[in-house]
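>
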Amino acid sequence: MAEKTFYLETFGCQMNVHDSEKVAGTLAARGYRQVHSTEEARLVLYNTCSIRDKAEQKVFSRLANFKKQRGDKIFGVLGCVAQHQGEEIFAQAPHVSLVCGSASYNQLPDLMDRVEAGESRVTGLSLDTDETFDTPLVERDNPHRAYITIIEGCDKHCTYCVVPFTRGPERSRASAGILEEARRLAAAGYTEIQLLGQTVNSYRDPSPAGLRFAQLLDAVGRVAGIRRVRFTTSHPRDFTADIIEAIDGNPALCNQVHLPVQSGSTRLLDRMERNYTREEYLGRIRTIKASPRKIAISTDVIVGFPGETREDFEQTLSLLDEVEYDSIFSFKYSPRAGTPAAEYADAVPEEEQSWRLSILQEKQRRIQVRRHEQLIGLEEEVLVEGRREKSGQWIGRTSQNRVLNFADPGSLAAGENLLGAFCRVRVTGSGPNSLVGELLAKEPARATHGFRILQ
Ligand code: SAM
Ligand code: SF4
204 MAEKTFYLET FGCQMNVHDS EKVAGTLAAR GYRQVHSTEE ARLVLYNTCS IRDKAEQKVF
264 SRLANFKKQR GDKIFGVLGC VAQHQGEEIF AQAPHVSLVC GSASYNQLPD LMDRVEAGES
324 RVTGLSLDTD ETFDTPLVER DNPHRAYITI IEGCDKHCTY CVVPFTRGPE RSRASAGILE
384 EARRLAAAGY TEIQLLGQTV NSYRDPSPAG LRFAQLLDAV GRVAGIRRVR FTTSHPRDFT
444 ADIIEAIDGN PALCNQVHLP VQSGSTRLLD RMERNYTREE YLGRIRTIKA SPRKIAISTD
504 VIVGFPGETR EDFEQTLSLL DEVEYDSIFS FKYSPRAGTP AAEYADAVPE EEQSWRLSIL
564 QEKQRRIQVR RHEQLIGLEE EVLVEGRREK SGQWIGRTSQ NRVLNFADPG SLAAGENLLG
624 AFCRVRVTGS GPNSLVGELL AKEPARATHG FRILQ
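Quick note on our numbering: the sequence shown kicks off at 204 and runs consecutively.
1) What would DSSP say about residue 336, mapped onto helix, strand or coil?
2) Are the beta-carbon atoms belonging to residue 402 and residue 360 less than 8 Å from one another?
3) Leaving aside the five residues before and after residue 377 along the sequence, list all residues of the same chain whose C-beta is less than 7 Å from its C-beta, in chain order.
4) If we call anything under 8 Å between Cβ atoms a contact, is residue 421 one with residue 380?
5) Run through DSSP, which three-state label would residue 567 get?
6) Considering residue 303, what are the terminal residues of the alpha helix (DSSP H) in which it resides?
7) Taking the beta strand (DSSP E) that residue 357 belongs to, which residues open and close that run?
8) Restricting to Cα atoms, I'd like to know which of 519, 500, 501 and 499 is closest to residue 508.
9) Between which two residues does the alpha helix (DSSP H) harbouring residue 583 extend?
10) Helix, strand or coil: how does DSSP classify residue 657 here?
11) Of the choices 291, 270, 301 and 218, whose alpha-carbon is the least far from that of residue 281?
12) Which residues in the same chain as residue 259 place their Cβ atom closer than 6 Å to its Cβ, once the five residues preceding and following it in sequence are excluded?
13) When you compare each of 399, 263, 412 and 351 to residue 387 by their alpha carbons, which one comes out closest?
14) Starting from residue 626, trace the beta strand (DSSP E) in both directions and tell me its first and last residue.
15) Beta strand (DSSP E) containing residue 501: first to last residue?
16) Using the beta-carbon of each residue, find all residues closer than 6 Å to any heavy atom of ligand 2 and list them in chain order.
17) Under 8 Å Cβ to Cβ from residue 647, same chain only, skipping five residues before and after it: list those, please.
18) Pull the bridge partners of residue 610 from the DSSP assignment, please.
19) Go through the segment 219–270 residue by residue and report every complete run of the beta strand (DSSP E) that reaches 3 residues or more, in order.
20) Over what stretch of residues does the alpha helix (DSSP H) that includes residue 341 continue unbroken?
21) Do you know whose CA, among 629, 604, 455 and 279, lies nearest residue 610's CA?
22) Can you look up residue 350 in the DSSP assignment and give me helix, strand or coil?
23) For residue 543, collect the residues of the same chain with a Cβ closer than 6 Å to its Cβ; drop the 5 residues on either side in sequence, then sort them by chain order.
24) Quick check: the segment 549–564 against the segment 579–587, are there 3 or more CB pairs under 8 Å?
25) Can you tell me which of the three DSSP states residue 718 falls into?
26) What residue range does the alpha helix (DSSP H) around residue 363 cover?
27) Rounded to the nearest angstrom, what separates residue 293 and residue 602 at their Cα positions?
28) Taking only heavy atoms of ligand 1 into account, decide whether any of them is closer than 7 Å to the Cβ of residue 564.
29) Taking residue 482 as part of the alpha helix (DSSP H), name the residues at either end of that continuous run.
30) Counting along the chain, where does the beta strand (DSSP E) carrying residue 530 start and finish?
31) Measuring CA to CA, which of 461, 384 and 268 is closest to residue 429?
32) The alpha helix (DSSP H) with residue 282 in it runs from where to where?
Here is the structure:
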């Protein structure tokens, strides 16, 4: 075999990004070297997302580029599209040799043995597992912030969502292993940890320690050296008050909660089988807002779910006014094969979906402009995550997860690297998506293992 090189492109959520870090670690341990273009690679892997049709189509368009000129490359499809489409992928893209869903990543070394031996249709597609992809072999992408998956899969079965079919049943990792990983990360110089799960707060410690999610969160925030802890994604049904109590009592836990609502209409929430009403959701929001910590709240919204009337949509708009979210992710409903909603007869026309999405996004843009203006003059602590080459500005992120850009001519002139440093910055200006400020004080960056410049 020619030199063992691999190219790995990731689509979709942070869990996919972190799965890719583990896949990269597993391959590196087998003697593979990661490269950053398909031309240089012997093994070309796509870690895919199937949450919406557009995301799913991306991988097929990538694969189509190689149909005629595959050379001696080996192609693999990993993640949600692999699980969702299974062996169908071989029919659509006959040059693919490996199809492996995320619930089977534990088998990756065996599957790779077979691919390397020349087998052309190797699959890992079982969902029947109680295992997590727990590996010490992780090639982390960011030198300061590290992901830890604490719960995999999902048992909620919202009627629009493909995740339970692509990621399998809910399974949590034992708390001792999670805390051990957090301590190792702190010792390696990481200062921020993000706990991940499709429904991260549905975490149930399978070990005798039996930690609740709020207790685990608190314990991770108490690991020496860890300055920031975030967690995503929380399901409103399992969002208990003790999570906010943990944030209130632990300065390392960030002022940020992502709590996807999907719709402001109880009738639609019921159709989506979200298991909460608008009022119950707003009750959770009141608990979060009652915290002395000024916790930023973000959400996900789907517009144009089957049967969504203008009146239902108006209720989503009024929810935005009521909550005044710090940011939202909004999507047009996309039917997914195998989900109950894909069979619903009362689809909302595409044009109407687009109109609703633009109205929603414009409303949120105005909310963000107004809220950001209120921050001018305040002092924030940021973790420096990158630098804009053109403007020479440093890119910082606040505890509330806002981007706050600032200039520091002194550090630029001295060739000083602020990446990974915690700085105090005064907010001097704002836009809908970010803030700008002036540097007040800086702590030296901690020793880390290299960095990337973000554009
Ligand atoms: N587990 C999280 C939760 O319960 O909210 C979200 C996981 S999903 C990867 C991220 C977001 O994608 C969802 O919150 C939802 O807004 C959106 N989404 C999921 N299925 C969708 C679909 N069929 N069409 C459009 N958006 C969808
Ligand atoms: Fe999908 Fe619902 Fe599970 Fe979130 S909770 S991953 S939206 S099924």
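Cβ coordinates follow ideal geometry from the N, Cα and C atoms, glycine included.
Judging by the given coordinates:
1) coil
2) no
3) 408, 409 and 410
4) no
5) helix
6) Run containing residue 303: none in the alpha helix (DSSP H); it sits in the beta strand (DSSP E), 299–303.
7) Segment: none, residue 357 is in no beta strand (DSSP E) and carries neither H nor E.
8) 519
9) No alpha helix (DSSP H) holds residue 583; the beta strand (DSSP E) holding it covers 582–590.
10) Confidence at residue 657 is low in this model, with a pLDDT of 34, below 50, so the placement of that residue should be treated as unreliable; the coordinate-derived value is given next. Of the three classes helix, strand and coil, the one that applies to residue 657 here is coil, per DSSP.
11) 301
12) 253 and 284
13) 351
14) 625–633
15) 499–506
16) Every residue with a CB closer than 6 Å to a heavy atom of ligand 2 is listed here in chain order: 357, 359, 360, 361, 364, 366, 367, 401, 402 and 438.
17) Excluding residues within five positions, the ones whose Cβ falls inside 8 Å are 624.
18) 641
19) 246–251
20) For residue 341, no alpha helix (DSSP H) run applies, since DSSP gives it neither H nor E.
21) 629
22) Three-state DSSP puts residue 350 in a strand.
23) Excluding its 5 nearest sequence neighbours in each direction, residue 543 has C-beta neighbours in its own chain below 6 Å: 362, listed in chain order.
24) Verdict: no, contact absent.
25) Residue 718 falls outside the range modelled here, since the chain spans only 204 to 658, and no answer is possible.
26) It is not in any alpha helix (DSSP H) - residue 363 carries neither H nor E in the DSSP assignment.
27) Rounded to the nearest angstrom, the two C-alpha atoms are 45 Å apart.
28) no
29) 481–492
30) 530–535
31) 384
32) In the DSSP annotation of this structure, the continuous segment of the alpha helix (DSSP H) that includes residue 282 starts and ends at 282–288.
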